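A.B. asks: Following our numbering, the numbering of the sequence shown begins with 44 at its first residue and continues without gaps.
Heads up, the beta-carbon is just placed ideally off N, CA and C, and yes, glycines get one too.
Model, not experiment: these values are computed from the prediction.
Take this structure, written in structure tokens, and hold onto it; I'll ask about it next.
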Amino acid sequence: FVRYCTVWGRKYSLTARFLLWLLERVAGGRNVVMATGGAASPPSARNPNITWIFSTSLTAAAWQALPQAVPWQRGSTVRLISVGRVEPVKNLAALLQALPAVRQVYPHLHLDVVGEGTALPGLRQQAAALGLDEVITFHGNLGHQAVLGLLGTAHIYLMPSLVEGFPKALLEAMACGLPAVATAVSVIPRLVGTSGVLLPEPTPAAIAAAVTSLLADDARLAAMGRAGRAASQQYTLEGWQQVIGERLAEVWGEEMGRGLVNNQQSTANNQRRNTL
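Shown next as structure tokens:
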């Protein structure tokens, strides 16, 4: 059994190219391969035996206990948030370029950026050049509970990424009742559904237009938050275990499949403790 955890199809290194080549040739029969992500079609056009599996950091109990964001109220500061690795593919430079246009309509605004990465020094310089120092907080890496606390105080979650796998941070934002503005890549359209605005092209103009349109419609903003909370409930570690268990039981039989899934869930619980 192989669970491929990085972005399927992205051949960003020799190792990744080799793994994709190998998995497409061995998947099938008793060799179960699942790729993290999700789409209407299977991950591989060459081998339909490879199937999708979602990723999550939340147990059902943790989902139930999450802080719930309060919809934005007119006259108060708009709190935006982005969580994840701060790398060029996350396209946060476009997000920063969008903020001056949003501030022309909603001057009381604050953006929290959580995470570390190679793009962070350049983003700090960009924020200073745009005169945004006072409205952006670059938190760096935070503990999981601190991240959840920030999500609970925000109003809109922003993910203008160029590439994604299965974004756990977006899922957690939805579970906290946040509407999202996100790029229509990978599993994001299926995950977000009616709980946010999807960007075909995550340009600064498109990001600014999406944020301002959401803030202009209080009822829509609140409805998207509720939709995200409801949609996120199916993506728990218990649900993850069930999906993998059903797939393994289908191929290997009930007892053997259940044993391996228990090992996988133990690994996932350890990963959850270290989640950004």
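Give a yes or no on whether the C-beta atoms belonging to Val156 and Ser119 are separated by under 7 Å.
C.D. replies: Here the question's residue 156 lines up with position 113 in the sequence shown. Here the question's residue 119 lines up with position 76 in the sequence shown. Their beta carbons are not under 7 Å apart, which means Val156 does not touch Ser119 by this criterion.
A.B. asks: How is Phe61 classed by DSSP in three states: helix, strand or coil?
C.D. replies: Position 18 of the sequence shown, counting from 1, holds the residue named residue 61. Of the three classes helix, strand and coil, the one that applies to Phe61 here is helix, per DSSP.
A.B. asks: Would you list the one or two residues that DSSP bridges to Val157?
C.D. replies: Numbered from its first residue, the sequence shown carries residue 157 at position 114. According to DSSP, Val157 bridges with Val126, Gly183.
A.B. asks: Please determine, among Pro110, Trp95, Thr58, Ser84, the residue with the shortest C-alpha to C-alpha distance to Gly192.
C.D. replies: To locate residue 192, count along the sequence shown from 1; it is residue 149. Nearest of Pro110, Trp95, Thr58, Ser84 to Gly192, Cα basis: Pro110.
A.B. asks: I'd like to confirm the pairing. Which residues does DSSP put opposite Ala78 in its beta bridges?
C.D. replies: Counted from its first residue, the sequence shown places residue 78 at position 35. Answer by DSSP bridge pairing, in chain order: Tyr47, Trp95.
A.B. asks: Indicate whether at least one CB of chain C lies closer than 7 Å to the CB of Ser238.
C.D. replies: Protein chain content of the structure displayed is limited to a single chain, and chain C is not contained in it.
A.B. asks: Just the Cα atoms here: how many angstroms apart are Ala103 and Glu293?
C.D. replies: Within the sequence shown, numbered from 1, the residue matching residue 103 stands at position 60. Within the sequence shown, numbered from 1, the residue matching residue 293 stands at position 250. Going from the Cα of Ala103 to the Cα of Glu293 covers about 25 Å.
A.B. asks: My assumption, with CB atoms under 8 Å, is that Ile96 sits in contact with Ala78. Please give the rounded CB distance.
C.D. replies: Sequence index remark: in the sequence shown, residue 96 carries index 53 (1-based). Sequence index remark: in the sequence shown, residue 78 carries index 35 (1-based). About 7 Å separates the two Cβ atoms, so the contact holds.
A.B. asks: Starting from the C-beta of Ala212, find all residues in its chain whose C-beta is less than 6 Å away, skip the five residues before and the five after it, and write them out in chain order.
C.D. replies: Position 169 of the sequence shown holds residue 212. The answer, listed in chain order, is Val126, Gly127.
A.B. asks: Along the chain, which unbroken stretches of the beta strand (DSSP E) at least 3 residues long are found entirely within the stretch 178-251?
C.D. replies: 179-183, 199-202, 223-226, 239-242
A.B. asks: Could you check what DSSP says for Val121 in three-state terms: helix, strand or coil?
C.D. replies: Residue 121 sits at position 78 when you count from the first residue of the sequence shown. Looking at Val121 - three-state DSSP - the assignment turns out to be strand.
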